[in-house]
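Protein chains in written order, with the numbering used here: chain A, 1 to 115; chain B, 1001 to 1113.
Each residue gets a CB set at the ideal place from its N, CA and C atoms; glycine is no exception.
Before any comments, here is the structure.
Structure below.
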C-alpha cells in the first residue's frame, strides 16, 4: 500500500497562474480532505469529501476548487494563484471518518510558493 | 475562529523529563480528540486519541488526560527522548456525517540529549 500520495512535492507559481495538486489514496477510504499548514496556525481545512461525487467547503475554501469523481482521487485546483496561497498543502483520508485506531492518514505534503 | 487552542507554542525538555502540551476546545460539537505528531518534511501521523467519555488513555510513554467539564485535554510524554522531538498537534473531530478535524496551532517539542 502506498497510502496517500501527493504530487508534486514542490511547486513555484507566478501570481495568476492556475494549477492542480494531485492526491491519490489506495486504501479505499471514503473520507478525503485538503488542509493547508501555515506557521503558527496549525492545519486549516480547505475542502473535504465524504464519498465520490460529494464535496463540501471547509474553513478556508476561497480560491480553491475540488472534485471527487472516484474514491481514489481528490485533486485540489488553484484557480488564480495569489501570494497568500503560499503554504504547505496536505491531503488526508480515512475510512472511519477519523474515529478509532485508524484516524486520518496524511500525505507527505506539497510545498507551494506563489511569487 | 480558532475552536481548538493549544499551548505552549514551543517546549524544550531534557532527556528523561516529562513533556506536557495542553489544549482547550470551545464548543461541544466534537466527539473524538486525537493527537498528531509531525516530523520535518513529513505529514502529520496519528499518535494517540481519546473519546470524551474517558478521562485518561495511556499508550506506552504517551498519555492523554481529558477533562470534559473544563473542555480541556492534554498530552503527557513520559521519559521524553530526543527522537520525540517533533511538532505535536491536538485536534478535535466534528460530530455528524462530515467528520472533519479541527487542529490546534501546534507545539514544537525539542528534547535535549
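Between which two residues does the beta strand (DSSP E) containing residue i stretch?
| i | result |
| --- | --- |
| residue 1031 (chain B) | 1030-1038 |
| residue 29 (chain A) | Residue 29 (chain A) -> no beta strand (DSSP E), and no H or E assigned at all. |
| residue 74 (chain A) | Per DSSP, residue 74 (chain A) belongs to no beta strand (DSSP E) and is neither H nor E. |
| residue 1071 (chain B) | Premise fails: residue 1071 (chain B) is in no beta strand (DSSP E) and is neither H nor E. |
| residue 111 (chain A) | 110-114 |
| residue 1048 (chain B) | 1045-1050 |
| residue 20 (chain A) | 19-25 |
| residue 1005 (chain B) | 1004-1007 |
| residue 46 (chain A) | 43-51 |
| residue 1100 (chain B) | Here residue 1100 (chain B) belongs to no beta strand (DSSP E), and DSSP marks it neither H nor E. |
| residue 1094 (chain B) | 1086-1094 |
| residue 1120 (chain B) | The structure shown has nothing for residue 1120 (chain B), since chain B only spans 1001 to 1113. |
| residue 1111 (chain B) | 1107-1112 |
| residue 15 (chain A) | Run containing residue 15 (chain A): none; DSSP gives neither H nor E here. |
Below 7 Å on C-beta distance, what does residue i contact in chain B?
| i | result |
| --- | --- |
| residue 103 (chain A) | 1034, 1046, 1049 |
| residue 33 (chain A) | 1100 |
Note down, in chain order, every chain A residue with its Cβ under 8 Å from the Cβ of residue i.
| i | result |
| --- | --- |
| residue 1106 (chain B) | 40, 42 |
Along chain B, in chain order, which residues have C-beta atoms closer than 9 Å to that of residue i?
| i | result |
| --- | --- |
| residue 108 (chain A) | 1041, 1042, 1043 |
| residue 90 (chain A) | 1043, 1044 |
| residue 45 (chain A) | 1100, 1101, 1102, 1103 |
How close, in whole Å, do the beta carbons of residue i and residue j come, if the pair is a contact with beta carbons under 8 Å?
| i | j | result |
| --- | --- | --- |
| residue 115 (chain A) | residue 1098 (chain B) | Contact flag wrong, Cβ pair sits at about 35 Å. |
| residue 92 (chain A) | residue 33 (chain A) | 5 Å |
| residue 1073 (chain B) | residue 1023 (chain B) | 5 Å |
(request) Decide if the stretch 1087-1106 of chain B is in contact with the stretch 35-51 of chain A; the criterion is three or more beta carbon pairs, one per stretch, under 8 Å apart. (result) yes
(request) Quick one: which residues of the stretch 1029-1050 of chain B get their C-beta closer than 9 Å to a C-beta of chain A? List them in chain order. (result) 1031, 1032, 1034, 1036, 1038, 1041, 1042, 1043, 1044, 1045, 1046, 1049
(request) Could you please tell me which residues of the stretch 49-63 of chain A, in chain order, have their CB closer than 8 Å to any CB of chain B? (result) 50, 56, 58, 59
(request) Would you check if the stretch 1010-1026 of chain B and the stretch 88-95 of chain A touch, i.e. whether three or more CB-CB distances between them fall below 8 Å? (result) no
(request) Can you give me, in chain order, the residues of the stretch 1055-1085 of chain B that have a beta carbon less than 9 Å from any beta carbon in chain A? (result) none
(message) Three or more C-beta pairs under 8 Å: does that hold for the stretch 3-12 of chain A against the stretch 58-70 of chain A?
(response) no
(request) Could you list the residues in the stretch 1085-1097 of chain B with a C-beta less than 7 Å from some C-beta on chain A, going in chain order? (result) 1089, 1093, 1097
(request) Answer yes if the stretch 1045-1063 of chain B comes into contact with the stretch 45-56 of chain A, meaning at least three C-beta pairs across the two stretches below 8 Å, and no otherwise. (result) no
(request) Tell me, please, whether the stretch 1002-1015 of chain B touches the stretch 21-32 of chain A by the rule of three or more beta-carbon pairs shorter than 8 Å. (result) no
(message) If contact is defined by three or more beta carbon pairs under 8 Å, each pair taking one atom from either stretch, is the stretch 1022-1032 of chain B in contact with the stretch 1093-1104 of chain B?
(response) yes
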